[in-house]
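Structure, as structure tokens:
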Amino acid sequence: MAINISTNATTPIQEISELYEIGKLTVLFSLSAVIIAGNILTIIAVASRKNLRRSATNMLVMNLAVADGLVGCLLIAFSAVSDISKDERVWRRSVCAARAPYYSIIVISACTLLAIAVDRYLAIVRPFSYKRHVTAGRARFISGLMWIFELVIVGTTTCYYGNVAPIERIRSGHISELLPTAIFASVILPQVCIPLLGNFILYWRIFATIRNRRRVAVACHDKQVSSVCLASRMSTAVTKMMSVVLAYLVLTWLPYFVLLPFTTYYQTNPLWLIYGMDLATVLVYTNSAVNPLIYGWLNREFRAAYVAILMCGKLRSSPPVEEACRA
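Using this note's numbering, the letters of the sequence shown map in sequence onto residues 114 to 440.
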């Protein structure tokens, strides 16, 4: 006589897997909260402080903060879908509702950093052209064009393939697997790689120009307070701040791009690649969280605005120009 014994006991591997998923979800939700809070703080700082609001650079910084803040909101949305729901219809809808805007925002962030690099290039290398042609209004106009163009191109492309691609490719969570290779390589990848290459070229030219102006720097260190010295020091300080933002962006994306080709090589991703991509993806998300910290660390005006907002006090007047130059 055969005896059937059934058990609902989970294996140690299943328990570890469940704990891992719970831990991952906790990290993503916590990171989302930090991203949203930090970038809302940056947006309020620029919007409420007149001397920050008048700068074209800060308008672009605010555009970057809007993009980063939305990353935090969308991260909550598709993390909840991917870790809670197994329904195919929910997954397909989440592509249009969360992933399409998210991929668009990634491209918008890269283009915004390129716009900031152009802004810094004109401010340092061609200061007279900068004063004539670069305004906060034009920076807002360019930011608006970025959002319209990228949401139409990247958003509609992602939504379309979210409805026709096999569900396994959608559940991978990576745009390189969701889209056909030809579309990914010709439409999405250039919109990230070309702005990054442009950033490197422009910042290389900027810092080469700064090195060639050592005499101006020496004069500034000698406390000769002239408009030329102060303008040069302020532009250099802002440029250094944005170059740190760019450097961190590259460092956080590097592991992801190193591992990405392996996801197309294997038919079934091995465990080391699954965990590696999860870690690399979390590292990418931290980029949206640290930008407000970089602004507060390297710029006195942002730091003063942050403190005033957090202390629920009145925004104080701007620090002296000499003090801002030291930031």
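Every residue gets a Cβ at the ideal spot worked out from N, C-alpha and C, and that includes glycine.
- Contact check for residue 204 against residue 307 fails: the beta carbons are separated by 8 Å or more.
- In the three-state scheme derived from DSSP, where H, G and I count as helix and E and B as strand, residue 272 is classed as helix.
- In the DSSP assignment, residue 394 falls within the unbroken alpha helix (DSSP H) covering 384 to 411.
- Residue range 302 to 324 is occupied by the alpha helix (DSSP H) that includes residue 313.
- Taking 8 Å as the cut-off, the beta carbon of residue 201 is found closer than this to the beta carbon of residue 280.
- In the same chain as residue 221, and ignoring 5 residues on each side of it, the C-beta atoms closer than 7 Å to its own belong to 180, 259, 260, 263, in chain order.
- With respect to residue 218, residue 177 sits apart: the two C-beta atoms are not nearer than 8 Å.
- Shortest Cα-Cα distance from residue 174 to any of 377, 255, 320 involves 255.
- Between residue 403 and residue 148, the alpha-carbon positions lie close to 8 Å from each other.
- The C-beta distance from residue 237 to residue 319 rounds to 5 Å, short enough to meet the 8 Å contact threshold.
- Annotated three-state conformation of residue 166 is helix, per DSSP.
- In this structure, DSSP gives residue 416 a helical state, which the three-state scheme calls helix.
- By the criterion of a C-beta distance shorter than 6 Å, residue 185 is surrounded in its chain by 145, 148, 149, once the five residues flanking it on both sides are discounted.
- For residue 424, the three-state secondary structure derived from DSSP is coil.
- Bounds of any alpha helix (DSSP H) do not take in residue 293, whose DSSP letter is neither H nor E.
- With 16 or more neighbouring CB atoms inside 10 Å of its own CB, residue 301 falls in the buried class.
- For residue 354 and residue 277, the gap between their C-alpha atoms comes out near 43 Å.
- Contact between the stretch 374 to 382 and the stretch 165 to 172 is absent, with fewer than three C-beta pairs closer than 8 Å.
- For residue 376, the three-state secondary structure derived from DSSP is helix.
- Under a 10 Å Cβ-count criterion, residue 317 is classified as exposed, with fewer than 16 other Cβ atoms of the shown protein chains found around its own Cβ.
- In the structure shown, the three-state DSSP call for residue 249 is helix.
- By the CB criterion at 8 Å, residue 372 and residue 393 fall inside the cutoff.
- With 16 or more neighbouring CB atoms inside 10 Å of its own CB, residue 366 falls in the buried class.
- Contact between residue 269 and residue 291 fails: their C-beta atoms lie close to 14 Å from each other, not under 8 Å.
- Distance from the CA of residue 312 to the CA of residue 139, rounded to the nearest whole angstrom, comes to 34 Å.
- Nearest to residue 208 by C-alpha distance, out of 275, 233, 244, 161, is 275.
- When DSSP states are grouped into helix, strand and coil, residue 381 belongs to the coil group.
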